[in-house]
Every structure is written in C-alpha cells, then in structure tokens.
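Q:
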Amino acid sequence: MTSNLDGALGRNLLLRSDSYKVSHWVQYPPGTRTVFSYVESRGGAFGHGVFFGLQAWLREYLSRPVTQADVDEAQALMALHGLPFNRAGWQLLIDRHGGRLPLRIRAVPEGSVLPVRNVLATVENTDPDFFWLTSYIETELLRAIWYPSTVATVSAAAKATLLRYLRANSDDPEGQIGFKLHDFGARGVSSNESAALGGLAHLVNFQGTDTLMALMAARRWYDCEIAGFSIPAAEHSTITSWGRAHEADAYRNMLAQFARPGATFAVVSDSYDIFRACDELWGRELKAEVQRSGATLVVRPDSGEPAPTVLKVAQILAERFGTRTNARGFKVLNTVRIIQGDGIDLDSLRTVLATLHAEGFAAENIAFGMGGGLLQRCNRDTMQWAMKCSAVQVGDEWREVFKDPVGDTRKRSKRGRLTLAGSAEAGWRTARLDGPEGAPADDALQTVYENGELLRTQSFDEVRGLAAAGVMRLADTHAL
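If you're matching positions, the sequence shown starts at 2 in this note's numbering and goes up one per residue.
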C-alpha cells in the first residue's frame, strides 16, 4: 500500500522502531515462546481518556507485509549503525508468513471514553519463534495510540466544558455543540500526518475544521465521505491589503461575496482596532447591509487577552445589533456571532465562557478555534502513555512480568495476562485473563488484528457515537 501522507520514508517496518529494540531478540530468557504486553494511560492531565487512532495505523502500515527489500535495507543500515541484526528471524517471517506479522492485537472499541489506568489494548505473538516481535513494534504502536487518543481527549474535555455552559445558559445545547470548537491547527503541527491524525481525532467530537488532511484521513482510514465542515473566512492579508483607510471597503467586499440568506461567514476584525471595527464599522456604517443580507456575520478578534476582549466585543455588538433573551434568561446577539481563535486552550476557553456567563451572555454567542493548544501542545507524558510487557511464556510456564521502581511508584506496571472488562454503564476495570476463574465474562477487548489480517473495523459514525455517549455522561462532572 502506498501512502500520500507519509511517502516512502516510513514504509519499512523494520526501521520504524528504536535502535535498542534491534538487539532484544537475544536478551529474553532461553526458551521464551510468547511475550504479552498491554497499553494504558497511567494518568496525567485527565481522569478519563478517549481511545482513538489504532485503526488508522493498522490500515495504513500494519497491513503491508515485510518484504525482502525491507530486510536487506535494514541489514545494511544496522551494519553501519553498529547493531546486531536478526536476519534469520526476519527472513523466517517472510518464508513462513509471507511477511505478515504473527501478532494478535486486541483493543477496546475506538471512541470509548474510559477512566485512565486501565488496559486499552494488548499485543502478543502467535508464533513462538517470533516472541521478540511483540516488543519490536512498541515504538510505533504506542505512537499510533498516544497522539490521536490524547488529541481526542483534549477535544473531548473542551466539549464537556462547552456542554456544561450551553446547558446552563443556552437553547438546544446538543444541537449547537457540533460546531463550537473549530480546528485551526494544521499549520502548527510537525507534519502532514500529524495534521491528519490530530485533526481526525478532533473530529471524533466536533464537526468544524480547517484541517483538510483530516478529511482525507477520515476517508482513507474510517470510510467517511465527509467528516467536517467550514465556512468562508477572512485572514489579515485579505483585509489589510485594502489599506487602513479602506477597512470598511474590505468588510463590504466580504458582505458582497458571502452574505446570502442563511449563510455564515467569518471576518477577522482586529487588524487595527477591534473595538472601533465592531462599534463604528460593523455596528454603524455596515449595520444595515449586515441586517438586510439575511446572513450571520461572525466577528473574529485575534489579539489581546481572550476573556476581556471577547466580553467587550460582545457588549459592543449587543449595543449596536441588539439581543434577544433565550429560554434560559441569557442574552443572544441578533444577526452576529463571535469566534475566538487566538490564545485558546482548555483554561482560556473556560475563562471566556465563565466571563460571558457572569455578564448574562449565552454560550451560543461564541465559537472557538484552537490550533497548537489542540493538535500540538501535548506529548506522551500528557496522559503518561506506556506499553509494558506483563507476561512471558518460557517453555510451558507463564511468568508474570512487571517493574516497580523505587524512585517513582507511578511507573509501577501491571502483571499477568490482562484485559479490560465491564462496560460504560456498569463501569470499567482491568482484569486478568489467567486468573483462577479464567477470562471475565464481560471481557471488553476485541481482536482487531491477527496474523497480518485486520479483523474488525469501525465506521467513523460508530466512533463518534461511542465518544459522544461517553462525553455526555461526563459533561455534568469535572471528570475530564
């Protein structure tokens, strides 16, 4: 399979690992037959997490067999790199399995919202001659899970906050929530693939995005024709190119181009003076044109401290365009709305919403855009992601495997062959597969990949449905 997201650089599975993994095949006890590992979020910034992204990796990368060219390339590189290379093992993989990986990967359904510190996925080899393969794929399996799952969790935390305020002060919270947080992050990430995966993770929770790669990712990996939407919007260059003296003409052109009955369009309005633009230009000179158009004008401040700036903009627009009082007793702007996309993270989003609420403005007046705070301002430690070996089979004996570092008890790992049990309604728990009573009857992990075959896929609608149900359950708490 070729990729338009990653190109040729990352096609060789043998080289998508850490250097130290290459010598591990000789480090296990003699007679080792099976290595069993699990993936979890050990805690960090959130009490719950949204599991997402495994299917993308399985479809894009693990469905491609290892080839003779891959083995030859890796052997040549390792000779230069100074590491021993398991040529015989990789050759056996090609000869016996046609290059397909003799691994079993089980995972909770994507979109599931679960408490941290629970097993979310497990991996083990299915051919005893390939015990070393389980750990070899740790680098990219963990990466395939931690980044999209963390972005989906950040996005879900924002959704839970927005839902709490919408429920408190706005009409139709569930109908509005889908477009309350817009992805502005494409230019702020490190690669096209990060934009695709991170942007798609955000779309698990919302429908607004300017990250086109996320739409392509939804089509490629989750069979979704269109996962997100956007509106016409100005940038500073399209406004300032008219010149300061002609700022109103730039705005008038936006009205001429996009203001149609029922349409929505956004205009960045802080190129010179956001408050003058709202008061004198939008609120006086262009007010009648805005009102006659039948469109919704979205004013975008893009500088200053978010909360006080948004509040002042709302107050000016309320004075100029008027408001109505909704069923919750809060003010809703006529004809115009606001989008705040500068300086937004989870903390500033909460502060803006709290400030508007305190002054009697409904959350339905505002949407938010997040860029780096959504797609880039996270790392593996944000949710303390880890993949750890918890059991090995040596000969016919299964041994528990764990670590318990005296210097950091948070890194104590789980032991034994594990799974996730329970349900969203009954509660989740990590359980033993090898306990006295055997596998739990409510085992929640599903085999998604085995011996080179993808056994279960999910549609993006299914992922979204699971995530929405989980976030709705948490929206009235501070669990996220």
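Using N, Cα and C, we set each Cβ at its ideal position, and we do this for glycine too. These numbers were taken from a predicted model, which means no experiment stands behind them.
1. When DSSP labels each residue in this structure, what does Leu434 get in the three-state scheme?
2. Measuring straight from C-alpha to C-alpha, what distance separates Asp7 and Gly199?
3. If distances are taken between C-alpha atoms only, which option among Ala440, Met217, Thr210 comes closest to Gly229?
4. Checking contacts by CB at 8 Å: is Val67 closer than that to chain C?
5. Mind checking who Ile232 pairs with in its DSSP beta bridge?
6. When burial is assigned at 16 or more other CB atoms within 10 Å of the CB, is Val114 buried or exposed?
7. Going residue by residue through the region 45 to 94, where are the continuous alpha helix (DSSP H) segments of at least 4 residues, counting only ones entirely within it?
8. What separation, rounded to the nearest whole angstrom, lies between the Cα atoms of Arg418 and Arg433?
9. In angstroms, rounded to a whole number, what distance separates the CA positions of Trp283 and Val314?
10. Indicate whether Phe331 and Gly361 have their beta-carbon atoms separated by less than 8 Å.
11. Where does Tyr450 fall in DSSP's three states?
12. Distance, Cα to Cα, Val268 vs Leu256?
13. Please report how far the alpha carbon of Leu318 lies from the alpha carbon of Phe276, in whole angstroms.
14. From Val393 to Ala80, what does the alpha carbon distance come to, in whole angstroms?
15. Counting along the chain, where does the alpha helix (DSSP H) carrying Phe461 start and finish?
16. Answer yes if the region 47 to 56 comes into contact with the region 73 to 92, meaning at least three C-beta pairs across the two stretches below 8 Å, and no otherwise.
17. By Cβ distance, which residues of its chain are closer than 8 Å to Arg474, with the 5 residues on each side in sequence left out?
18. Could you tell me whether the region 286 to 294 touches the region 241 to 258, using the rule of 3 or more Cβ pairs below 8 Å?
19. What residue range does the alpha helix (DSSP H) around Gln258 cover?
20. In this structure, what does DSSP give as the bridge partners for Ile339?
21. Kindly indicate which three-state DSSP category Thr135 falls into: helix, strand or coil?
22. Flag this pair as touching only if the region 87 to 101 and the region 60 to 71 have three or more C-beta atom pairs under 8 Å; answer yes or no.
23. Helix or strand or just coil, what does DSSP make of Met217?
24. Rank Asp303, Tyr450, Val27 by C-alpha distance to the C-alpha of Gly1 and give the top, closest one.
25. Under three-state DSSP, which class holds Tyr273?
26. Any idea what DSSP makes of Cys359, helix, strand or coil?
27. Taking Gly93 as the reference, which of Leu134, Leu376, Leu216 has the closest Cα?
28. Please give the ranges of any alpha helix (DSSP H) in the region 164 to 221, keeping only runs that are unbroken, at least 4 residues long and fully inside the region.
29. So Gly374 packs on Asp346, CB below 8 Å; how close in whole Å?
30. Leaving out five residues before and five after His183 in sequence, what residues of the same chain have Cβ atoms less than 8 Å from its Cβ?
31. Could you tell me whether the region 180 to 197 touches the region 128 to 145, where touching means 3 or more Cβ pairs closer than 8 Å?
32. Which partner residues of Trp429 appear in the DSSP bridge assignment?
33. Assuming Gln385 contacts Arg43 under a Cβ cut-off of 8 Å, what Cβ separation, rounded to an integer in Å, is found between them?
A: With the given structure in hand:
1. coil
2. Low confidence applies here, because Asp7 scores a pLDDT of 46, under 50, leaving its location unreliable and the question unanswered by this model.
3. Checking every option, the nearest Cα to that of Gly229 belongs to Thr210.
4. The structure shown contains no chain C; it is built from a single protein chain.
5. Ile232 is not bridged to any residue.
6. buried
7. 55 to 58, 69 to 82
8. When rounded, the distance between both Cα atoms is 6 Å.
9. 11 Å
10. yes
11. strand
12. 10 Å
13. 9 Å
14. 30 Å
15. 461 to 475
16. no
17. Val114, Ala425
18. In short, these stretches touch, since the Cβ pair count reaches three.
19. 248 to 259
20. Ile339 pairs with Val300, Ile367.
21. In this structure, Thr135 counts as helix in the three-state DSSP scheme.
22. yes
23. In this structure, Met217 counts as helix in the three-state DSSP scheme.
24. This structure does not reach residue 1, given that the chain is present from 2 up to 481, and the question cannot be answered.
25. coil
26. According to the sequence provided, residue 359 is Ala. The question's Cys does not apply to it. The answer is helix: DSSP assigns Ala359 an H, G or I state.
27. Residue identity differs from the one stated: residue 93 is Leu in this sequence, not Gly. Measuring from the Cα of Leu93, the nearest candidate turns out to be Leu134.
28. Those alpha helix (DSSP H) runs which fall completely within the region 164 to 221 and span 4+ residues are 174 to 177, 193 to 204.
29. The distance from the Cβ of Gly374 to that of Asp346 is about 4 Å, consistent with a contact at the 8 Å cut-off.
30. Phe207, Gly209, Thr210, Asp211, Ser231, Ile340, Gly342, Ala368, Phe369, Gly370, Met371
31. With a cut-off of 8 Å on Cβ pairs, the region 180 to 197 is not in contact with the region 128 to 145, counting fewer than three such pairs.
32. Gly423
33. 4 Å
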